[in-house]
Amino acid sequence: MNGLSVAVVGATGAVGGEFLRLFEEREFPVRELKLLASERSVGKSLRFKGEEIPITLAAPDAFEGVDVAFFSAGATRSKALAPAAIAAGALVVDNSSAFRMNADVPLVVPEINADAMRGARLVAVPNCTAIILTMAIHPLRRLGQIERLIVSTYQSASGGGAAMMRHLENETRA
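Using my numbering, you'd call the opening residue of the sequence shown number 680 and step up by one each time.
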């Protein structure tokens, strides 16, 4: 069979939905798709390539036969489930902050250091702001050594999830 068995942990979230959209748009070679989420989403389904795919529980036993697992359900869920996915033989691509500061886990921006993934079973994805900044700076860095760089960013409250959005809303009313 051609293609990969792919799992998306956090499939019902904004990033999980974006993974699905990109898989379709870029014709990612998906042979089998497992949509994994919390108990409150189990039993629902999401559409992918014209098919309704059922959502199942994101649990340690959900990764049997999975080639690649994309995690977008937060650091706590990644720390709890990534080891099980790796033990089942999957390559884990983690979009949370769970493993970003772990020296043993490659932090990858594919356009810049895709070779760092070679042989890895777990890959961390940098923060979205760091990715954009790295993409902008990389060509300059190849031209010569950057002696100093001062950057200011504004982070969206939505990156902190629903609780952060409620906190921001409450602060704006105060």
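Backbone N, C-alpha and C define an ideal beta-carbon position, used for all residues, glycine too.
Spatial distance of residue i from residue j (CA atoms)
| i | j | result |
| --- | --- | --- |
| F698 | V688 | 10 angstroms |
| N711 | P785 | A small correction: the amino acid at residue 711 is Glu; Asn does not occupy that position in the sequence shown. Going from the Cα of E711 to the Cα of P785 covers about 26 angstroms. |
| R820 | E731 | 46 angstroms |
| L828 | M780 | 21 angstroms |
| E848 | S775 | 24 angstroms |
| S717 | L801 | 22 angstroms |
| T755 | G823 | 39 angstroms |
| E826 | P818 | 15 angstroms |
| P805 | L701 | 18 angstroms |
| G744 | L760 | 15 angstroms |
Test item: CB-CB of residue i and residue j under 7 angstroms
| i | j | result |
| --- | --- | --- |
| V788 | A795 | no |
| V771 | A764 | yes |
| F742 | A769 | yes |
| D740 | S684 | no |
| L715 | A686 | yes |
| G692 | S751 | yes |
| I734 | S720 | yes |
| T832 | T851 | no |
Best match in the options for proximity to residue i [C-alpha to C-alpha]
| i | options | result |
| --- | --- | --- |
| P708 | G682, G729 and S724 | G682 |
The alpha helix (DSSP H) enclosing residue i, as first and last residue numbers
| i | result |
| --- | --- |
| A766 | A754 to A766 |
Opening and closing residue of the beta strand (DSSP E) in which residue i lies
| i | result |
| --- | --- |
| A803 | L801 to A803 |
| L736 | E730 to L736 |
Please determine if the stretch 813-821 and the stretch 836-843 are in contact, where contact requires at least 3 C-beta pairs separated by less than 8 angstroms. no
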